[in-house]
Amino acid sequence: MKNKILILALILLIGFLGGTVSALDTESLAELEYKVLDSYNHDPKAFTQGLEIHANYLYEGTGLYGRSSLRKVDIQSGRVLTEIKLKSEYFGEGITILNNKIYQLSWKENTAFVYDLDFNLLKKFSYQGEGWGLTNNGEQIIMSDGSQYLYYRDPETFEVLKKISVKNKDQRLKNINELEYQGGYIYANIWQTDYIIKINAQSGAVKAYLDLSGILKTDYQGEIDVLNGIAYDPEAENFLITGKLWPKIYRIKIID
């Protein structure tokens, strides 16, 4: 036990000295409640990196080299209606839809793809650093790169307009991953945790958190990876959430 405590202390110290930590200090935050409203089938081979609802369809970006894709999915059945594969040298990451254009990041390839709603490639952008999560506030693209920062980008040029630091009081959080913007807040998954945090989109301050531990209930025997996938449904006014290689998508109502 003493060895475990020492190791944990060293991890926290390294995170403190580096300026960021991935462990969330939940004691200082309000915990959001949620209610599961429904569940749907989800392709268990989909390594979910980005999730978005547009015109009552689910759009999904998936990752892994040689398996990355962009998909249009029927929510109720989980059936993939349209799909394109990324070239094998690209590891697909987050997606968002703005002005009827689909934006998709790549992990380490410094490339963002822009498609129309029929999945025709319109253009590519180059950027520095890694690509993780993606969302938008109706005007700008908002991007995460695994650090404590969120980057606001021009949708026409992909130029960085500003960046904000995600923080909980004095704690700056890293591993900010999949993103969803709604009502002045950004809902973000912290990679390798079951937490979704609610971030003030202007200041970067974390206002509350949602603990989704144990939400996945299945007898599926295949590989299952971490929580990753948040999509706001403006018609139903609730969220869809899933994970990498999860066989299920859940519709939840967040009780603020």
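Using my numbering, the letters of the sequence shown correspond one by one to residues 139 to 394. Even for Gly, the Cβ is constructed at its ideal location relative to N, Cα and C.
- Partner residues in the beta bridge of GLN242, as assigned by DSSP, are ILE233, PHE251.
- Boundaries of the beta strand (DSSP E) around ASP349: 344 to 349.
- Assigned with DSSP and collapsed to three states, THR164 falls in helix.
- Taken in chain order, the whole beta strand (DSSP E) runs of length 3 or more contained in the segment 341 to 393 are 344 to 349, 365 to 371, 376 to 381, 386 to 393.
- The beta-carbon separation of THR186 and THR380, rounded to 6 Å, stays under the 8 Å limit for a contact.
- Put simply, the segment 202 to 220 does not touch the segment 323 to 338. Fewer than three CB pairs are less than 8 Å apart.
- In the structure shown, ILE328 adopts extended strand secondary structure according to DSSP, grouped into three states.
- The beta carbons of THR234 and ASN274 sit closer together than 8 Å.
- Minimum Cα-Cα distance from ASP256 among the listed residues GLU169, GLN320, ASP371, TYR241 corresponds to TYR241.
- Distance from the CA of ILE392 to the CA of GLN286, rounded to the nearest whole angstrom, comes to 24 Å.
- For the 8 Å CB-CB criterion, GLY284 and GLU268 form a contact.
- Within the same chain, PHE229, GLU268 come within 7 Å of LYS246 by CB-CB distance, once the 5 residues on both sides are set aside.
- In the three-state scheme derived from DSSP, where H, G and I count as helix and E and B as strand, VAL304 is classed as coil.
- In the structure shown, the three-state DSSP call for GLN320 is strand.
- One alpha carbon belongs to ASP349, the other to TYR325, and they sit about 12 Å apart.
- Going by beta carbons, GLU316 and ILE368 fall inside the 8 Å limit.
- If you check the CB distance, LEU288 and LYS307 do not come in under 8 Å.
- Cβ-Cβ separation between GLY201 and GLU221: approximately 14 Å, too far for a contact (criterion under 8 Å).
- In the three-state reduction of the DSSP assignment, PHE263 falls in the strand class.
- Between the alpha carbons of LEU243 and GLN359 lies a distance of about 30 Å.
- Taking a 10 Å sphere around the C-beta of ALA168, we find fewer than 16 other C-beta atoms and assign the residue as exposed.
- Annotation: the continuous beta strand (DSSP E) that includes GLU198 extends over 195 to 200.
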